[in-house]
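Down below is the structure, laid out as structure tokens.
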Amino acid sequence: MKKINYLGKEIAYYESEEGEGLPIVLLHGFCEDSRMWDEWLPKLPSYRTYLLVDLPGFGDSEMLEETSMENMAGAVAAVLEECGIKKCVLVGHSMGGYVGLEFAKKYSEKLAGLCLFHSHPFADAEEKKEARLKAVDFINKNGHILYVRQMIPKLFAYDYSKGYQSEVNRLIYFASKYKPEAIIAALRAMRLRPDNSEVLKNIKCPVQFIIGKDDSAIPYELSMAQAHLPNIADIQILPNVGHMGMFKEPRKTAKKFKEFLKLVIGD
Ligand code: MLT
């Protein structure tokens, strides 16, 4: 992993060998890091350039003084600047999508396409805000390891996690190494994030939605409520998929994303 300094903290990223055409930026979700793309990345065209960022507080990136989706987007922009990338297609998984939308708000000229992979632009509902605080309490009382051991299997949707034990264990292992303060800061930052529906409404580039029909983290109805917002939308609904389509349906999701790339850059 390479590192840059952003707001006095180290931000880690992986850049593949320089390829052709527009680079693809992959952003992981909450309690994940760039290694979550390990299985999915080889299914994408090898001739492209890929940039995988560890969002602040996760993986090898340090936590920022002030954690917000906006600052996380700033960290991504700083990595792009370092790599000399002027325009990209950005894929954001869940929290990575929240960051992607903040990026779209501030750096729209740098986006050729946005893929919201199990993500959405809406602010937390009151119930969700409450659940975030409960999660913070839980971590403070029981520690973050117990928290991630309970939280991560559920992302795969109730029974699907059973068939994905090694993937689940790997993600839990990575997440157990994060600092509990970083996990808490991300929970608080997601709780306070603004509604970005307008960003999606006004976005100039095509947007792809990859939606898991059985997503327990982002209910299907919520995912569908955003689908009409952008001018150009590619909506992919996956049956029998929870919040982790890149593990549950790696080939199908990669194929859909490659089709989206064709739409975006005629490639
Ligand atoms: C994620 O996977 O990033 C989270 O489920 C997002 C969230 O909690 O809203």
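The opening position of the sequence shown corresponds to residue 178 in my numbering, with each subsequent residue numbered one higher. C-beta atoms are modelled at their ideal positions from N, C-alpha and C, and glycine is treated no differently. A quick note: this is a predicted structure, and the numbers were derived from the prediction, not measured.
### Message
Can you tell me which residues form a DSSP beta bridge with Phe424?
### Response
Residue numbering aside, residue 424 sits at position 247 when the sequence shown is read from its first letter. Per DSSP, none; premise fails for Phe424.
#### Entry: Alpha-carbon to alpha-carbon, Leu377 and Leu278
On the sequence shown, position 101 is the one that residue 278 refers to. On the sequence shown, position 200 is the one that residue 377 refers to. Taking the straight line joining both Cα atoms gives about 8 Å.
### Message
Given this structure, state the Cα-to-Cα distance separating Phe434 from Pro219, to the nearest angstrom.
### Response
Within the sequence shown, numbered from 1, the residue matching residue 434 stands at position 257. Within the sequence shown, numbered from 1, the residue matching residue 219 stands at position 42. Roughly 13 Å between the two C-alpha positions.
### Task
Can you tell me which of the three DSSP states His295 falls into?
The residue you call residue 295 lines up with position 118 of the sequence shown. DSSP places His295 in coil when its eight states are reduced to three.
### Query
By Cβ distance below 8 Å, which residues in the same chain neighbour Ala255 in space, the five residues on each side in sequence not counted?
Residue mapping note: residue 255 aligns to position 78 of the sequence shown, counting from 1. Here the set comprises Ile181, Tyr183 and Ile188.
### Task
Name the one or two DSSP bridge partners that Lys179 has.
Position 2 of the sequence shown, counting from 1, holds the residue named residue 179. BP columns for Lys179 point to Tyr190.
### Query
So His205 and Gly273 are in contact, right, with Cβ under 8 Å, and what is the actual spacing, rounded?
Position 28 of the sequence shown holds residue 205. Position 96 of the sequence shown holds residue 273. Rounded, the Cβ-Cβ distance is 5 Å, consistent with contact.
### Message
Judging by CA-CA distance, which residue of Ala334, Leu288 and Gln413 is the nearest neighbour of Thr430?
### Response
In the sequence shown, counting from the first residue as 1, residue 430 sits at position 253. Among Ala334, Leu288 and Gln413, the Cα nearest to that of Thr430 is on Gln413.
### Message
I want to check one thing, is the minimum distance from the CB of His321 to the heavy atoms of the ligand MLT below 7 Å?
### Response
By one-based count along the sequence shown, residue 321 stands at place 144. Every heavy atom of the ligand MLT is 7 Å or more from the Cβ of His321, so no.
### Message
Helix, strand or coil for His405? Go by DSSP, reduced to three states.
### Response
Working through the sequence shown from its first residue, we reach residue 405 at position 228. DSSP places His405 in coil when its eight states are reduced to three.
### Inter-residue Cα distance where the pair is Asp301 and Glu426
Position 124 of the sequence shown, counted from the start, is the residue given in the question as residue 301. Position 249 of the sequence shown, counted from the start, is the residue given in the question as residue 426. Whole-angstrom Cα-Cα distance: 27 Å.
### Task
Can you give me the Cβ contacts of Ala289 inside the same chain, cut-off strictly under 6 Å, excluding the 5 residues immediately before and after it?
Residue numbering aside, residue 289 sits at position 112 when the sequence shown is read from its first letter. Same-chain partners within the cutoff: Leu199, Lys264, Val266, Cys382 and Val441.
### Query
Are the beta-carbon atoms belonging to Val268 and Cys292 less than 8 Å from one another?
Taking the sequence shown and counting its residues from 1, one reaches residue 268 at position 91. Taking the sequence shown and counting its residues from 1, one reaches residue 292 at position 115. Cβ distance < 8 Å, so Val268 and Cys292 count as in contact.
### Query
Which residues does DSSP pair with His270 in a beta bridge?
The residue labelled residue 270 in the question sits at position 93 within the sequence shown. Partner(s): Phe294.
### Phe207 Cβ short of 7 Å to the ligand MLT heavy atom set
Working through the sequence shown from its first residue, we reach residue 207 at position 30. Under cutoff, so the answer is yes.
### Task
Could you have a look at Val230 and say whether DSSP puts it in helix, strand or coil?
Stepping through the sequence shown from its first residue, residue 230 is reached at position 53. Strand at Val230.
### Contact set for Gly196: own chain, Cβ-Cβ below 6 Å, skip 5 residues either direction
By one-based count along the sequence shown, residue 196 stands at place 19. Counting only Cβ-Cβ distances below 6 Å, and skipping sequence neighbours, we find Tyr224, Arg225 and Thr226.
### Query
Is the Cβ-Cβ distance between Pro357 and Val345 less than 8 Å?
Translated into the one-based positions of the sequence shown, residue 357 becomes position 180. Translated into the one-based positions of the sequence shown, residue 345 becomes position 168. Contact: no.
### Message
For Lys306 and Leu332, I'd like the C-alpha separation in whole angstroms.
### Response
Your numbering for residue 306 matches position 129 in the sequence shown. Your numbering for residue 332 matches position 155 in the sequence shown. Straight-line Cα distance between these residues: approximately 18 Å.
### Query
Between Glu304 and chain C, is there a C-beta pair that is closer than 8 Å?
Reference to chain C is not applicable here, since this structure consists of a single protein chain.
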